[in-house]
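*Asks:* Residue numbering for the sequence shown follows the working numbering, beginning at 87 and increasing consecutively. Note that beta-carbon positions come from the ideal geometry of N, C-alpha and C, so glycine has one too. Computed from a predicted structure; not experimentally measured. If you scroll down you'll find the structure; I have some questions about it.
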Amino acid sequence: MPHVVTENCISCRFTDCVTVCPVSCFHGDEERLYIDPDACVDCGACVPACPVSAIAEMGDLDDGRKIWLSINANRAAATPLITGKQNPLPSAAERRAQLGF
Ligand code: F3S
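What follows is the structure, encoded as structure tokens:
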């Protein structure tokens, strides 16, 4: 099963995940990133790279959170490829603290 970016990326957008992805499967808008599930090869390298644990393997999500697969697929198809590290959002430090990381 593919990996997905979940709610913790919102207002953070650290983009550390992008730097370790071997297949460039990350897309993004002004708020957060998304993984293209057709491009993801399930290597798992991005999971520990995210400072706010925003990325999960689909099989690890409970049923109520499996909506993230279609959200990632739909938004990845509609947003540009992100291929390098970018500055986090101005809200990232505060959001990270709120999330307990
Ligand atoms: Fe988002 Fe974490 Fe990547 S905050 S952009 S999933 S490093």
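1) Looking at Phe100: is its Cβ nearer than 8 Å to the Cβ of Cys136?
2) Please state if the CB of Pro108 and the CB of Met144 are separated by a distance shorter than 8 Å.
3) With respect to the beta strand (DSSP E) encompassing Ile121, which residues constitute its N-terminal and C-terminal limits?
4) Do Arg161 and Asp115 count as a contact pair if the criterion is CB distance below 8 Å?
5) Would you decide whether Asn173 is buried or exposed? Buried here means 16 or more other CB atoms lie within 10 Å of its CB.
*Replies:* With the given structure in hand:
1) The sequence position of residue 100 within the sequence shown is 14, counting from 1. The sequence position of residue 136 within the sequence shown is 50, counting from 1. The answer is yes: Cβ separation under 8 Å.
2) Residue mapping note: residue 144 aligns to position 58 of the sequence shown, counting from 1. Residue mapping note: residue 108 aligns to position 22 of the sequence shown, counting from 1. No, they are not a contact pair.
3) For the purposes of this step, residue 121 is taken as the residue at position 35 of the sequence shown. Run containing Ile121: 119-121, per the beta strand (DSSP E) assignment.
4) Working through the sequence shown from its first residue, we reach residue 115 at position 29. Working through the sequence shown from its first residue, we reach residue 161 at position 75. Yes, Cβ-Cβ distance for Asp115 and Arg161 is below 8 Å.
5) Here residue 173 is taken as the residue at index 87 of the sequence shown, counted from 1. It is exposed - the Cβ of Asn173 has fewer than 16 other Cβ atoms within 10 Å.
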